[in-house]
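Chemist: Take a look at the following structure, please.
Right, here's the structure in full:
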């Protein structure tokens, strides 16, 4: 292999090892040419996860790898609802799709992998109560436990108007119970977020019932 190609390959490998999942535009900006990417993909050293998304074929991945891929594909998105609840280990449910929130005017993403369930949050709520977590080298925005529980109550309707597939009330109750039991959220935190989104009247009786004997 020519020295230049070897240098390109080394740079690509190092870049992917440092960042886990990367977008094509990031590779190009780093000075890595499309020929090198294509050659390594054909050789099985690099995997194309979706349109413009790559990782090393031998890169270690966690159980939450789909969240990392979704976050890289939708940089302004926030992992929320059932996916956030599962990430925080507050449910036994394994989501078949990655639940991700985008802003009211953001373009709805279309991905072959992973499958997405897209919801829209207001400009204020897209940033409030959001944590940053590193998953497989990718910085992922995920709603905090208390915020996640409140969102599940907001989207609890069996025929949710905000999206086609509502998680329903049962998973909201499970999330609230586990968040309190595991002390990943306090009653005060849940109440604060509920008041902010105007859903305190709905959540209050459930929260009081679960804390009255605590």
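Residue numbers (the numbering used here): 202 to 415. Glycine included, each C-beta is placed from N, C-alpha and C at the ideal position.
Per DSSP, what are the beta-bridge partners of residue 270 in this structure?
Modeler: Answer is none; residue 270 lacks a bridge partner.
Chemist: Residue range of the alpha helix (DSSP H) that residue 402 falls in?
Modeler: 401-412
Chemist: Does the beta-carbon of residue 337 have 16 or more other beta-carbons within 10 angstroms, so that it is buried, or is it exposed?
Modeler: Looking at its Cβ environment, which holds 16 or more other Cβ atoms inside 10 Å, residue 337 is buried.
Chemist: Can you name the start and end residues of the beta strand (DSSP E) that residue 262 belongs to?
Modeler: Element bounds for residue 262: n/a, residue is neither H nor E.
Chemist: In terms of residue numbering, what span does the beta strand (DSSP E) encompassing residue 371 cover?
Modeler: Looking at the DSSP string, residue 371 is not in any beta strand (DSSP E); the run it does join, the alpha helix (DSSP H), is 370-382.
Chemist: Once you ignore the five residues that flank residue 253 on each side, which residues in its own chain have a CB closer than 6 Å to its CB?
Modeler: The residues are 224, 225.
Chemist: Pair every Cβ in the segment 230-242 with every Cβ in the segment 261-268, then say whether three or more of these pairs are closer than 8 Å.
Modeler: no
Chemist: Who are the Cβ neighbours of residue 405 in its own chain at under 8 Å, not counting the five residues just before and after it?
Modeler: 392, 395
Chemist: Using beta-carbon positions only, say whether residue 151 and residue 221 come within less than 8 Å of one another.
Modeler: The shown model of the chain, from 202 to 415, leaves out residue 151, and the question about it has no answer.
Chemist: Assuming residue 317 contacts residue 299 (C-beta within less than 8 Å), just tell me the rounded distance between them.
Modeler: 5 Å
Chemist: Provide the residue span of the beta strand (DSSP E) that contains residue 142, from first to last.
Modeler: Nothing can be reported for residue 142: it is not among the residues displayed for the chain, which extend from 202 to 415.
Chemist: Work out the CA separation of residue 269 and residue 382 for me, nearest whole Å.
Modeler: 28 Å
Chemist: Helix, strand or coil, according to DSSP, for residue 344 in the structure here?
Modeler: strand
Chemist: With a cut-off of 8 Å on the beta carbons, I'd call residue 320 and residue 302 a contact; round off their distance for me.
Modeler: 5 Å
Chemist: Rounding to the nearest angstrom, what Cα-Cα distance links residue 265 and residue 273 in this structure?
Modeler: 13 Å
Chemist: Kindly indicate which three-state DSSP category residue 227 falls into: helix, strand or coil?
Modeler: helix
Chemist: Alpha carbons only, please: which of 218, 398, 249 is nearest the one belonging to residue 324?
Modeler: Nearest of 218, 398, 249 to residue 324, Cα basis: 398.
Chemist: Looking only at its chain, what residues have a beta carbon closer than 7 Å to the beta carbon of residue 374, apart from the 5 residues adjacent to it on each side?
Modeler: 407
Chemist: Quick check: the Cα distance between residue 216 and residue 345, rounded to an integer number of angstroms?
Modeler: 30 Å
Chemist: Is residue 238 helix, strand or coil by DSSP?
Modeler: In the structure shown, residue 238 falls within a helical segment according to DSSP collapsed to helix, strand and coil.
Chemist: Comparing C-alpha positions only, which one of 227, 256, 354 sits nearest to residue 214?
Modeler: 256
Chemist: Quick check: is any heavy atom of the ligand FAD less than 7 Å from the C-beta of residue 370?
Modeler: This structure does not include the ligand FAD; it has no bound ligands of any sort.
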